[in-house]
Amino acid sequence: MEKWMLIDGNSIAYRAFFALPPLTNSAGLHTNAIYGFTTMLLKMIEEEKPTHILVAFDAGKVTFRHEGYTEYKGGREKTPSELSEQFPVLKELIQSFGIAQFELSGYEADDIIGTLTKLADEKDVETIVVSGDKDMLQLASERVTIALTRKGVSEIDRYQPKELMEKYGLKPEQIIDLKGLMGDTSDNIPGIPGVGEKTALKMLHEFGTVEEVLANTSSLKGKMKEKVEAHQEDARMSKKLATIFREVPLEDKVSELLYNGYDASVLGDMFRKLEFKSLIERLELPEAGGTAIVEEANYDVVLASDVTGDELTSLLAQADSVYFEAVGENPHQAKLIGLAVTTVDGDKVVVVTYDELMDPAVAEPIRRWLEDSEAPKRGYDLHKADLTLSWIGIPLRGITFDVLLAAYLLDPTESSQTLASLVPRYGLPALAPDEAVYGKGAKFRVPAADILAKHLAAKAEAIRRLVPLQQKHLEEGGMNQLYYELEQPLAIVLAGMEKQGIKVNASTLEDLGAEIAQNITRYESEIFTHAGMEFNINSPKQLGDVLFDKLDLPVIKKTKTGYSTDAEVLEKLEPYHEIVRLILHYRQLSKLQSTYVEGLLKEIRRDTGKVHTYYRQTIAATGRLSSQFPNLQNIPIRLEEGRRIRKAFVPSEPGWTILAADYSQIELRVLAHISGDERLKEAFIEDMDIHTKTAMDVFGVPADAVDSNMRRQAKAVNFGIVYGISDFGLSNNLNISRKEASRFIEQYFEVFKGVRGYMDNIVLQARNDGYVTTLLERRRYLADIKASNFNLRSFAERTAMNTPIQGTAADIIKLAMVRMDEQLRERGLHSRMLLQVHDELVFEVPPDELELMKTLVPEVMGSALTLDVPLKADVSYGDNWYEAK
DNA sequence: GTCTTCACG
DNA sequence: ACGTACGTGAAGACC
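Numbering (our numbering), first residue to last: 11 to 895.
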């Protein structure tokens, strides 16, 4: 079955140009229109899977339309040179894709596309037209779908006659009547002055066509009647101008549209010229020179079982880098496939398959090497490797460098940190894609040993070559300390905590679950009664239909796909209908049940009764950790019902205690330090209640005049300050007007002048350097800090304000963790560090260590880093995590 | 796979 | 005029 895709090249390029921030490649060529066009093209090819593709361009300056009306498209702004310079390159790119393009003198892209859709209708071929121009809607038919871009080029609305009727109440052929009446300023089509979309639609719904409207002016009234009568000719001519000409002599050029996919090396060359690195990675295109740099491997691959134990031992004595391959996202459950070790001189790579590692006859030297803390190892994601290995009883020691961790510090915002994506960043030869070696999804297979060995060897070699390059960059970025003294040691501390796990009492959860289940059923039936029908309350779509169509509640907010029903909306709807409160409760319970009761129960290991999270150290752009499988950083606490989940988190030894310590206001303390604001510093030096103090200063009242509402507002302002304040955000949060919010902020900055100075300064610094840093020199690049798009730029500015604060707080608790681990070890304590929740550390403590830990933990946390204000950590403890409050 | 919602700091 | 608070992960619905 044929399927055609016809793209309006000029229209899409224009749209992309104005939607995207200015991008240039290093040669200074603007590339934003090309980039936008390309992403749109890839998306549409993927979604539509066309057999034939054409990109049509407008040709030359004079089209047949000018013959009748010389002002056609007059008055249009001249195409900016930043865009026009992109057209020749765009055409080259389309050629690299192997996609046909037409440009016929005297005709516009519309006409070419119009002619082809006519042909498609005649031949009964399914066709999609891609454009940003609503005029195209006149071509819609049962076979022809018009895809119009919305909001730049990223979102696309598809129209067939049915959708057109729903949205405008018009048939496709009436689009030209619409234009005839209302005109089009961008094409300088006059239409009837004073008639806009609303009026034009009204007239067409009544009369159907321009001609009929003109024939019935008598039924129009007043000013409108005069205008229509005076501009009859304009309307007729406008209609004619808007009509797409569908008889372009294309003869039989359709066969040229056949699309057979692209040649990866040709497209790769083109993307390289444009410096579309993300697209090269996304499409897994070869790295350079037409085909990938295929460097002849200049090392021998040695299988462990092919050499004697002594030979293996001596090879490992000169080991340099190591790569571990495991299958599975969750390192606690991942299956090791094998590992590869390069020698220092790079001329040999030893590969050990999993079976060999498990074979005592072969494994002895390799196990000894892995466990030897004096044998240096450079690798990729050794935190994960350490954890996976620990489950088969092999500790990994002697880590001296990790290219994943380094890549993260060098650019934490990079979207992919896989080894394969990292390698080209440093100009090293590409790796074979994992998919090509293993297949994906159901087709995943571990290949034969020789093929596997080659692949693992290439990865180990890539690591060996990456290390010195990254070390140089770390040095240049002043991140040596951050790397060697913080992140790298932390990786092993984390693996220890993860392996240790925390005990979760299943029956506590089950009891809670039974209680919640009862309540859920109750709410469910009450909701159905109020709704007068049964439906899936968990479906935002169905819920929206009930609330806004059936019950006719006011629509507060819309999402891309329909009505919004989030908690914020529901809270506003509470006064209108009793059902809303019930839904809010239902939502709360349903979340608790599915995510926390059922979700957590699934994660408990049957044998030990523990859950083992996995902390990811290279995800968050600010330097924070993230937690997965399960996420133990978002266990409920704010509401009592949810907080009870914490009762299930208990010590793993009888008689022990859960001890939790959290930093008090760490982010605001960090802000006080880095901004140097005297008032804020003083507040913390005096150990005041910071929100009350803020209220006093912002409202200009004494402490005893601060009521709970003032404190609440001050607290919101403090949060806003940390997030990178905007009046809009604060007004939203406090449900006040933007003006009021803006006054709060102004008053805050009047008092905390140093904070204002910091905010102004950090944004300037970001603009200057392109990045911001934390106290420990952790770096975050802000690609959009100079964007012309207000939204993108504002976002980058808020990020510039927030990242040094959030990131420094992350630095501090990470430091505390490394220190704490040392302390437990050096003092020979049995207490164990189990969890980190951004500003909190959770331990399990034997009875005889409780008194010591109660002072040691806050001491270590408080002295992790010396700031101009004290760091304070509060301790609490109990029989479970709930009691430790 | 994407979207929406919601849990945490 | 624009239209967002910063950072995450998981579940369920729906395509």
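Glycine included, each C-beta is placed from N, C-alpha and C at the ideal position.
Cβ pair residue i, residue j closer than 7 Å
i	j	result
residue 830	residue 870	yes
residue 667	residue 493	no
residue 518	residue 620	no
residue 671	residue 867	yes
residue 339	residue 347	no
residue 795	residue 806	yes
residue 882	residue 660	no
residue 119	residue 140	no
residue 117	residue 276	no
residue 115	residue 69	yes
residue 691	residue 879	yes
residue 629	residue 637	no
Coarse secondary structure for residue i, derived from DSSP in three states
i	result
residue 11	coil
residue 64	strand
residue 143	coil
residue 112	strand
residue 843	strand
residue 428	coil
residue 453	helix
residue 603	helix
residue 233	helix
residue 171	helix
residue 540	helix
residue 30	coil
residue 306	coil
residue 929	Missing from the structure shown is residue 929; the chain here goes from 11 to 895 and no further.
residue 410	strand
residue 532	helix
residue 327	helix
Whole-Å CB distance - residue i paired with residue j, under 8 Å assumed
i	j	result
residue 405	residue 322	Contact flag wrong, Cβ pair sits at about 19 Å.
residue 121	residue 254	6 Å
residue 500	residue 847	Contact doesn't hold; Cβ gap of about 16 Å is too wide.
residue 768	residue 780	Not quite, the Cβ-Cβ distance comes to about 19 Å (not below 8 Å), so this is no contact.
residue 414	residue 391	4 Å
residue 852	residue 891	7 Å
residue 154	residue 127	5 Å
residue 566	residue 583	7 Å
residue 826	residue 676	Between residue 676 and residue 826 the Cβ distance is about 10 Å, and since that is not below 8 Å, they are no contact.
residue 100	residue 29	No, residue 100 and residue 29 are not in contact; Cβ-Cβ is about 15 Å, not under 8 Å.
residue 192	residue 207	6 Å
residue 797	residue 90	That belief does not hold up - the Cβ atoms of residue 797 and residue 90 are roughly 17 Å apart, past 8 Å.
Counterpart residues of residue i in DSSP-defined beta bridges
i	result
residue 667	855
residue 352	359
residue 883	673
residue 850	672
residue 17	65, 140
residue 637	625
residue 107	None, per the DSSP bridge assignment.
Local Cβ density within 10 Å of residue i, reported as buried at 16 or more and exposed below that
i	result
residue 718	exposed
residue 616	exposed
residue 132	exposed
residue 354	exposed
residue 734	buried
residue 201	buried
residue 422	buried
residue 458	exposed
residue 801	exposed
residue 150	buried
residue 497	buried
residue 314	buried
residue 96	buried
residue 586	exposed
residue 363	buried
residue 577	exposed
residue 874	buried
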